[in-house]
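Numbering (our numbering), first residue to last: 122 to 213. Think of the CB as a built atom: it goes at the ideal place given N, C-alpha and C, for glycine as much as any other residue. Read through the structure below, which is laid out as structure tokens, and then see the notes.
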Amino acid sequence: MSSEPSVLRTGQPSGDIRNLIESIARALVDEPEQVQVHAVDGDESTVLELRVAASDVGKVIGKQGRTARAMRTLLGAAGMKLHRRFTLEILE
């Protein structure tokens, strides 16, 4: 069995990364059914648009942006592995 993560075998890395961000956001907010992540694929990069309820935006951003920065750090690490750049935009 390969030791490579499943994200590399699927051929759809942005879908797995999208699910990761969606799972993290659902765990943070009060209204998880309102969480939506839309992936916009480009040639070398993918923009992930995270939408949450207006009352949950602060929870996703965190104090001084620490939670959002941590999610972006995870995207950067995954992007290094997948040879792709991921950008997170938090929308209301």
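Which of helix, strand or coil does DSSP assign to residue i?
| i | result |
| --- | --- |
| ALA175 | helix |
| ASP164 | coil |
| GLU143 | helix |
| VAL181 | helix |
Quick check: what's the CA-CA separation for residue i versus residue j?
| i | j | result |
| --- | --- | --- |
| ASP162 | GLU152 | 27 Å |
| VAL158 | ALA148 | 14 Å |
| VAL178 | VAL156 | 10 Å |
| ARG172 | ASN140 | 13 Å |
| GLN185 | SER166 | 26 Å |
| HIS204 | LEU196 | 11 Å |
Where do the ends of the beta strand (DSSP E) carrying residue i lie?
| i | result |
| --- | --- |
| ARG206 | 206-212 |
So who's on the other strand from residue i, going by DSSP bridges?
| i | result |
| --- | --- |
| LEU196 | According to DSSP, LEU196 bridges with nothing at all. |
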